[in-house]
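Presented below is the structure to which this report refers.
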Amino acid sequence: DYFANRKLVQFFDGEIIPVVLDFLESDKRACLNLAELEDAFKTGVKVFLFSNPNNPTGVIYSYDEIRSIAFLAKKYDVSVIADQLYARQIFDGRVYTHLCAQDTKPVNLITIIGPSKTESLSGYRLGVAFGSENIIARMEKLQAIVSLRAGGYSQAVLTSWFNEPEGWMEDRMSAHQRIRDDLVALLHGVEGVKVRKTEAGSYLFVRVPELRVTMREFVKILRFQADVTVTIGTEFGPQFTNSFRINFSQDHHFALEAINRTVQLIERYRRE
């Protein structure tokens, strides 16, 4: 899951209990290990934090998975924070399920969304949280102390959010989807490379074959030799030692060129 989530828990001196998301197992669901999740809840976990669509893989949790998460959180009195930053950027006409819309759900539930990604407004530092009344009230008090409010120029941007010109979102999704499809096709043509076609968002999470250099070294090689910046996989979990995340929300031609240069370096440093 998103690397900043782990850093937040560490900042608050919390204990991280990871749950496996076997995202390469199927393309019909996110493949969260629900038995493992319930075991974690049984041990006394207080908060479950997850992103849907998932960052970095771009997979979407199925209706059954979301219902199960909501049911288990309610059963074991676990608070849930649902990061739904890419909930509007869904590809291939896939169905998206909101946890907050379930009949059975935890008492303490926060959903966070924002225009920083899908609408390319990251510089405005805007986000919206909605959920359980008592938690929202506490959040308002905390924000008043920490930052007072978002800047006035940023708040003005929100007037057009969810009120874009007709066809704007459809055109944007179509453009992103074409980029995604071309990049995935290139990567699927490389022996030993594994990538699941992202279902939402602007990222691909790529697993590479064994290389003659470490992944940390390869990330540096990409930056200096190919002028391509990626995020090393271990930022999202210590087990992702042969993976990286790449953002494809950019010019179609430049994105294709970047992946072609990346593939060339994979071949150059592939272990024989």
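So the sequence shown is numbered by the numbering used here: it starts at -18 and just counts up by one. Think of the CB as a built atom: it goes at the ideal place given N, C-alpha and C, for glycine as much as any other residue.
Per DSSP, which one or two residues make a beta bridge with residue i?
i	result
Lys201	DSSP output for Lys201 lists no bridge partner at all.
Phe229	Note: Phe229 sits in no beta bridge, so no partner.
Leu185	Ile227
Thr63	Checking the sequence shown, residue 63 turns out to be Ala, not Thr. Answer is Phe31 and Thr92, bridged to Ala63.
Lys175	Arg188
Arg251	Leu192
Thr212	Arg226
Ile71	Ala181
Leu2	Leu13
If you count every other CB in all the chains shown that lies within 10 Å of the CB of residue i, and 16 or more means buried, which is it?
i	result
Arg252	exposed
Ile307	Limits of the chain in this structure are -18 at one end and 253 at the other, which puts residue 307 out of reach.
Gln136	exposed
Ile(-3)	exposed
Gln70	buried
Glu198	exposed
Thr179	buried
Arg226	buried
Ser254	It is not possible to answer for residue 254, since the shown part of the chain is limited to -18 through 253.
Asp208	exposed
Lys98	buried
Tyr105	buried
Pro(-1)	exposed
Arg193	exposed
Phe143	exposed
Phe72	buried
Tyr134	exposed
Would you report the Cα separation of residue i and residue j, rounded to the nearest angstrom?
i	j	result
Val59	Ala16	15 Å
Met120	Leu139	19 Å
Gly25	Thr210	39 Å
Gly170	Glu248	12 Å
Thr38	Leu185	6 Å
Ala21	Gln206	43 Å
Leu90	Val28	10 Å
Ser101	Asp45	31 Å
Leu66	Val189	27 Å
Tyr250	Phe111	47 Å
Leu80	Leu30	12 Å
Leu129	Ile62	23 Å
Ile94	Lys201	32 Å
Val(-10)	Thr85	26 Å
Thr243	Val76	32 Å
Asn115	Leu123	13 Å
Ile213	Thr222	8 Å
Ala239	Lys55	45 Å
Asp3	Asp64	19 Å
Ser155	Asp(-6)	42 Å
Ser32	Asp(-18)	7 Å
Glu145	Ala68	16 Å
Leu107	Thr92	14 Å
Gln245	Glu19	43 Å
Ser141	Glu147	12 Å
Arg159	Leu5	22 Å
Ala131	Asn(-14)	22 Å
Phe217	Phe(-16)	5 Å
Leu237	Val187	15 Å
Gln220	Val1	10 Å
Val322	Val165	The requested residue 322 is not part of the displayed model; the chain covers only -18 to 253.
Ser49	Tyr57	12 Å
Glu172	Ser183	24 Å
Given 7 Å as the limit, tell me if residue i has its C-beta closer than that to any heavy atom belonging to the ligand GTP.
i	result
Ser128	Looking for the ligand GTP in the displayed structure turns up nothing, as the structure carries no ligands at all.
If we require 3 or more residues per run, which beta strand (DSSP E) segments fall completely within the segment 101 to 134? Unbroken beta strand (DSSP E) stretches of 3 residues or longer found wholly inside the segment 101 to 134: 109 to 112, given in chain order.
To test your reading of the DSSP string, which unbroken beta strand (DSSP E) runs of 3 or more residues are found completely within the segment 12 to 53? If we require 3 residues or more, the beta strand (DSSP E) runs fully inside the segment 12 to 53 come out as 28 to 32.
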